[in-house]
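Quick note, our numbering runs 547 ahead of the 1-based positions in the sequence shown.
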Amino acid sequence: MGDPTESEIECEEQLESDGEGNLATECKEPESENGEEPTTEGEKQPESESDEAPTTEDKEQPETENGEAPTTEGEKESETENGEAPTTEEEEQRESGDEENLANACERQQEYETEENLVIEGEEQLETDNEENLAIDCEEEEEPKIEENLEVDCEEEFYIEGEELVAEEEEQLESNIEEEEQLESNIEEEKQLESNIEEELVTEGEEQEELASEKKSAPKCKRIASPRADYNGIPIRTVGEIGNIDFSMLDDSPNELDGFTQMSTNVGLELPTRESHQGRSYYMYFGDIDNDRPRNSLKEMNSYKEYRDDWGRPLPSMNTKLSNYVYASDEIIKVQNFTVATVLSEDYNPDARNGVVTYYYAGGRPGRSSHQIGNGLVIAYGGKENDSAKKQSGDMPILKLYKNEKTHELVAYAAVLDSGRSYVQGYLKIKMSLTNERKGRIKVSMKYLNLTTSHPYTNIGYSAHMDIGGRHTDSRMYSLGDNKGLYFHEKNMRDGQDYYLYFFYNGYANHPAAMRATNNPQLKPFDSSGSDRKALFFYELNAPSIPDPGKDVMYPYTYHPAWALRWEPQVQEPDTVREFNLEITVSNRPDVPVEVELDNDGEYTDEGYRITGTWNNQEKEADYVELYYKVDDGEPQKFAHEENPSVNTDESWGYTIPVDEVKKGLDHDISVYAVTVFLADGEKLQSNIETIKIRPELTIEERVFGVDGKVPTEVAPGETLKYEILVDSGYIPDDKGTYGQFTISQKYDPHLESPTDLKVTDENGKEIGTATYNVNEIVATLDTNPEVLRSTKVKFTFNAKVKEGAAEEDFVVSQATATGKYSTGDEVNQTSNEVKTKISGGLKFVSAPGVIGFGEKLKISSRTKTYQLIQFDESLSVKDSRALSRNPSWMMTAKLVKPLTGKKNEDSTLDGLYYRYGGNVSTLTEDASALVYKKKTTGTEEINISNEWTPEGDGLYLEVPAGTAKADAYDGTVQWILQNVPVNE
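#1: Quick check on I1015: does DSSP put it in helix, strand or coil?
#2: Can you tell me whether S1424 is helix, strand or coil according to DSSP?
#3: What separation, rounded to the nearest whole angstrom, lies between the Cα atoms of G859 and Y949?
#4: My output table needs one value for L964: the three-state DSSP class, helix, strand or coil.
#5: So for Y854, helix, strand or coil by DSSP?
#6: Can you grab the Cα-Cα spacing for the pair E654 / F794, in whole Å?
#7: Could you tell me the distance, in whole angstroms, from the CA atom of V1468 to the CA atom of R1429?
#8: Could you tell me whether the region 1317-1335 touches the region 1241-1249, where touching means 3 or more Cβ pairs closer than 8 Å?
#9: Got a sec? Which residues, its chain only, sit under 6 Å from I1524 by beta carbon, not counting five neighbours each side?
#10: Using 8 Å as the threshold, is the C-beta distance between V1251 and T1344 below it?
#11: Looking only at its own chain, which residues have a Cβ that is under 7 Å from the Cβ of G815, when we skip the five neighbours before and after it?
#12: Report the rounded CA-to-CA distance for P841 versus Y1046, giving the unit in angstroms.
#13: Quick check: what's the CA-CA separation for N1376 versus A1365?
#14: For I1417, count the other beta carbons within 10 Å of its own beta carbon; 16 or more makes it buried, fewer makes it exposed. Which is it?
#15: Going by other Cβ atoms of all chains shown within 10 Å of its Cβ, with 16 needed for buried, is S1408 buried or exposed?
#16: With contact counted as at least three CB pairs below 8 Å, one residue from each stretch, are the region 927-939 and the region 949-962 in contact?
#17: If you follow the beta strand (DSSP E) that V1274 is part of, which residue opens it and which one closes it?
#18: Between which two residues does the beta strand (DSSP E) containing L1443 stretch?
#19: Can you find the residues in the same chain that come closer than 8 Å, C-beta to C-beta, to V1262, ignoring five residues on each side of it along the sequence?
#20: Report all residues from its chain with a CB closer than 7 Å to the CB of K1412; omit the five preceding and five following residues, and keep chain order.
#21: From the DSSP secondary-structure annotation, give me the bridge partner or partners of H1002.
#22: Taking the beta strand (DSSP E) that Y1171 belongs to, which residues open and close that run?
#23: With DSSP as the reference, label I556 as helix, strand or coil.
#24: Measure the C-alpha to C-alpha separation of P1116 and S969 and round it to an integer number of angstroms.
#25: With N1467 as the anchor, note down where its beta strand (DSSP E) starts and where it stops.
#26: Just how far apart, CA to CA, sit A1514 and D1458?
#27: Rounded to whole angstroms, what's the CA-CA distance from V1528 to N1346? Just pull it up for me.
#28: From T1497 to Y1461, what does the alpha carbon distance come to, in whole angstroms?
#29: Is DSSP giving T586 helix, strand or coil here?
#30: According to DSSP, simplified to helix, strand and coil, what is H824?
#31: State the DSSP-derived secondary structure class of R842, mapped to helix, strand or coil.
#32: So what's D1304 in DSSP terms, helix, strand or just coil?
#33: Taking C-beta to C-beta, are Y778 and S1010 nearer than 8 Å?
#34: If we count the other Cβ atoms within 10 Å of its Cβ and call it buried at 16 or more, is G1465 buried or exposed?
#35: Per DSSP, M1062 forms a beta bridge with which residues?
#36: Alpha carbon to alpha carbon, how far is E1489 from E1403? Give it in angstroms, no decimals.
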């Protein structure tokens, strides 16, 4: 063995702290002791123990167990669960065995008892028990002999979790193991130090301690640890090759990429085409895509050069150093600009410009224009929840891209760089997957591995400066309502179809927490500069949303429409992963649910409550439509199932809800809706909900009676009418609501005198309210303490006399109104029937005699003497104009108010004044009246009673008994009395 100082190796290694990662070393090694020149990449490699020469990237690869040479793009693929390995574009499948095989470009293949494998790119493969790989990319002069073992004395650079010690030049590797164990080797007198990787400590400027045992010469190495968080992140120049970066912490399982193909060029993953697409194509896509492209340009993989976008742009090779790729700034594809690209239909000229539609300004190229700010994904860091962003991420170049055309998934792995492209702040995985084929709904699942220790809180923002197909300021933003999301609707794109774009930020796991919008799009989501916070997005990590204006209401941002979403700020420890999701839909039309109409004229039948209406299906792809009803707070009940529904046709439906579900006399709310069912994806699209409120109908009835208890159609002045108003709410005793503030009122007819006997009672006669009267109105008010149960029937009564001067042929009109608000909040306002009673004129005197005479100078006779009426100045006449339908009748009597008294001698009187009617004679006295006339009215003609007065017939006469008369002049007073009474003919 030579002097240890003769061997110098400069290498870059990546060491994973958990002892199970890959250590990549790039070495330059001097001549070996035998003086032979070492081989380099691309040259012939030394043979392994099996006498077979291992191959490099440019050489033939060793065969696997099935005899086929595995191929990778810069890295090895693991075997899938079903025995099939994921493929990479332009490469063959590689199948591995139960243990991993590693290519060693510097040394022979050897199995270590420590179960750690050293992989040297371009050299031999080393197989171990624990399947841990150490990759070394070397240039060396000579293959060392098996009997020799090189002990590595390294100057290395790596990062320890929780410490900020970085050796940026040359560092010495120090072991924390107090008693180092030496491994037995087949090589005489050589020992290797077993390193405890999990407890490995690197300090800047320290030298490695000499081992107690004899050591051989060690190459000087510069080593790169596997990702470990540091204050600003990992320096980009220390990361090494892209193919050696470990993204496993971002995966859900080791087999997550089974069935995926690694892509070497960046193109979109086309979504399944359906009839509803009407010739359009849709792609999940990362990076820029120029909306000026013709449709046919997407077939040309080199067209990215002409359009200066990312469609067809090559992805980085796996053996490319991250720093080299990043610093070639024009080559990177930015993962933060994920999108769903729309290619216009075949109706649009395939060679015409503007055949592609996306939504990022400018023209779909934010990453390669001056408008990246305000577009895409950003990760922010702060000291507390309500902190402003202390820093925000920069570019996020895609390092690996995978697709699965069967499951419609596109997966990108990217580095999250700082704004100066000096540090890797973390790694990001974005998976775009189709979750609903019919609706075209895309789930964007994002996972971020944090590699900084500068601030405890992280948050994620996503923003878009809108420019839909070049319309820019004409892009109009609407709300989905209830903070469900936002959408854009652009009518009549260049292919004649509409364009709908939805961003949903509720209803799934790890969804956004807030949305803000502005007309000032030159902002990152968490920029906090500027005094007007209204013009900013999220000036704090937890800044609130702007108000949701309501479903289908347009947001007032039309100058430079831009919006941003944020998730919840969280404490994210270094070397940990957090997940956040977003869901997007792009379509040529929105979902159109079935439309339902519910008639308002439902009715109770003996079987229950009958409801009817129509429904109209709008979806051609619908398999069937189901109709549901719900009563009150009950469970929805399906009552119709219509398969293969017609489109745009009103279909009638009807159903009787069982009576036990809608008991009459109680409140019920009945709702009806329909569901469109799509069997292909199990989607159910609900219609509008139509609701009717069933309320027992309040009835109010007014009735009027005469004094005889009968219902009059006519009334005469002076007659009394009896009024009765009945209120029935329609509720049954099971209902516990009350009338609340409830009144019964009516306008008071001016033909009536003031009412009397006002009462408000229940059906049992118990008073339950009070009534008041003014000149124009009469009002009854129900009691409120206690309140009256609304199942109570209310009765309001009063009497009213028709005024004597009431004009004939006029009507007495009455109509009551019940108004109020039940205790349940339902209002009532119901008017009764109208009651009209005609004023007929009545029964009255037309005339009556003022003077009646029996003669003058009568002789006094010694015998009883009769004297006939010989004069009267007016006829005794009556007119009855009452309605014959009332069967009117009347009679007249006469009474002596003042007896016949002598004028000279007042003590002298005559008692003999009689009235004869129909053969009956009656004496007129002060105490007794005589029947003069009676009649049942058969017409309205005038009745002249005095026409019947004759000496032999009806009329008054005077009979003076013998010896009672004295010479004198006598006078007296007779009262004629007209009465409305029933008579018997």
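No residue lacks a Cβ here, since even glycine has one placed at the ideal position from N, Cα and C.
In brief:
#1: Residue mapping note: residue 1015 aligns to position 468 of the sequence shown, counting from 1. Three-state DSSP puts I1015 in a helix.
#2: As a first step, residue 1424 is located in the sequence shown; it is residue number 877 there, counting from the start. In this structure, S1424 counts as strand in the three-state DSSP scheme.
#3: Here residue 859 is taken as the residue at index 312 of the sequence shown, counted from 1. Here residue 949 is taken as the residue at index 402 of the sequence shown, counted from 1. One C-alpha to the other measures close to 14 Å.
#4: On the sequence shown, position 417 is the one that residue 964 refers to. DSSP places L964 in strand when its eight states are reduced to three.
#5: For the purposes of this step, residue 854 is identified with residue 307 of the sequence shown, where counting begins at 1. In the structure shown, Y854 sits in a helix (DSSP, three-state: H, G or I).
#6: Here the question's residue 654 lines up with position 107 in the sequence shown. Here the question's residue 794 lines up with position 247 in the sequence shown. Low confidence applies here, because E654 scores a pLDDT of 36, under 50, leaving its location unreliable; read the following figure in that light. Between E654 and F794, the C-alpha separation is close to 28 Å.
#7: Position 921 of the sequence shown, counted from the start, is the residue given in the question as residue 1468. Position 882 of the sequence shown, counted from the start, is the residue given in the question as residue 1429. Answer to the nearest angstrom: the Cα atoms are 30 Å apart.
#8: no
#9: Within the sequence shown, the letter at position 977 stands for residue 1524. T1440, listed in sequence order.
#10: By 1-based counting over the sequence shown, the position of residue 1251 is 704. By 1-based counting over the sequence shown, the position of residue 1344 is 797. Cβ atoms of V1251 and T1344: not closer than 8 Å.
#11: Numbered from its first residue, the sequence shown carries residue 815 at position 268. Within the same chain, G815 has close Cβ partners Y830, M831, Y832 and A888.
#12: The residue labelled residue 841 in the question sits at position 294 within the sequence shown. The residue labelled residue 1046 in the question sits at position 499 within the sequence shown. Computed Cα separation, rounded: 18 Å.
#13: Here residue 1376 refers to the residue found at position 829 of the sequence shown. Here residue 1365 refers to the residue found at position 818 of the sequence shown. Cα to Cα, N1376 sits roughly 6 Å from A1365.
#14: Position 870 of the sequence shown, counting from 1, holds the residue named residue 1417. Exposed.
#15: Sequence index remark: in the sequence shown, residue 1408 carries index 861 (1-based). S1408 should be labelled exposed.
#16: no
#17: On the sequence shown, residue 1274 is found 727 positions in, with the first residue counted as 1. Start and end: T1267 to D1275.
#18: Reading the sequence shown from its first residue, position 896 is the one you call residue 1443. Run containing L1443: S1436 to G1449, per the beta strand (DSSP E) assignment.
#19: The sequence position of residue 1262 within the sequence shown is 715, counting from 1. Only G1253, L1268, V1349, V1359, T1384, K1385, I1386 and S1387 meet the Cβ criterion.
#20: The residue given as residue 1412 occupies position 865 in the sequence shown. Excluding sequence neighbours, K1412 sits near V1507.
#21: As a working mapping, residue 1002 is identified with position 455 in the sequence shown. In the DSSP output, where bridge partners are listed per residue, H1002 has none listed.
#22: Position 624 of the sequence shown, counted from the first residue, corresponds to residue 1171. Counting along the chain, the beta strand (DSSP E) containing Y1171 begins and ends at Y1171 to V1178.
#23: The residue labelled residue 556 in the question sits at position 9 within the sequence shown. Low per-residue confidence applies at I556: pLDDT is 33, beneath 50, and the placement is therefore not dependable, though the value from the model is reported in the following sentence. Coil, per DSSP.
#24: The residue labelled residue 1116 in the question sits at position 569 within the sequence shown. The residue labelled residue 969 in the question sits at position 422 within the sequence shown. Using only the alpha carbons, I get a separation of about 25 Å.
#25: Your numbering for residue 1467 matches position 920 in the sequence shown. Note, N1467: beta strand (DSSP E), N1467 to T1470.
#26: Within the sequence shown, numbered from 1, the residue matching residue 1514 stands at position 967. Within the sequence shown, numbered from 1, the residue matching residue 1458 stands at position 911. Roughly 15 Å between the two C-alpha positions.
#27: As a first step, residue 1528 is located in the sequence shown; it is residue number 981 there, counting from the start. As a first step, residue 1346 is located in the sequence shown; it is residue number 799 there, counting from the start. If I take the Cα positions, the gap works out to 21 Å.
#28: Counting from 1 along the sequence shown, the entry for residue 1497 is found at position 950. Counting from 1 along the sequence shown, the entry for residue 1461 is found at position 914. Computed Cα separation, rounded: 13 Å.
#29: As a working note, residue 586 is residue 39 in the sequence shown. Below a pLDDT of 50, predicted positions are generally treated as unreliable, and T586, at 37, falls in that range; the measurement from the model is reported next regardless. In this structure, T586 counts as coil in the three-state DSSP scheme.
#30: Counting from 1 along the sequence shown, the entry for residue 824 is found at position 277. Helix, per DSSP.
#31: Taking the first residue of the sequence shown as position 1, residue 842 is located at position 295. Helix at R842.
#32: Taking the first residue of the sequence shown as 1, we reach residue 1304 at position 757. Here D1304 sits in strand by DSSP.
#33: Here residue 778 corresponds to residue number 231 of the sequence shown, with the count starting at 1. Here residue 1010 corresponds to residue number 463 of the sequence shown, with the count starting at 1. No, these two residues do not count as a Cβ contact at 8 Å.
#34: Taking the sequence shown and counting its residues from 1, the one referred to as residue 1465 is at position 918. Flag for G1465 reads exposed.
#35: For the purposes of this step, residue 1062 is taken as residue 515 along the sequence shown, with counting starting at 1. DSSP, once it has assigned bridges, lists L1112 as partnering M1062.
#36: Looking up residue 1403 in the sequence shown gives position 856. Looking up residue 1489 in the sequence shown gives position 942. Whole-angstrom Cα-Cα distance: 32 Å.
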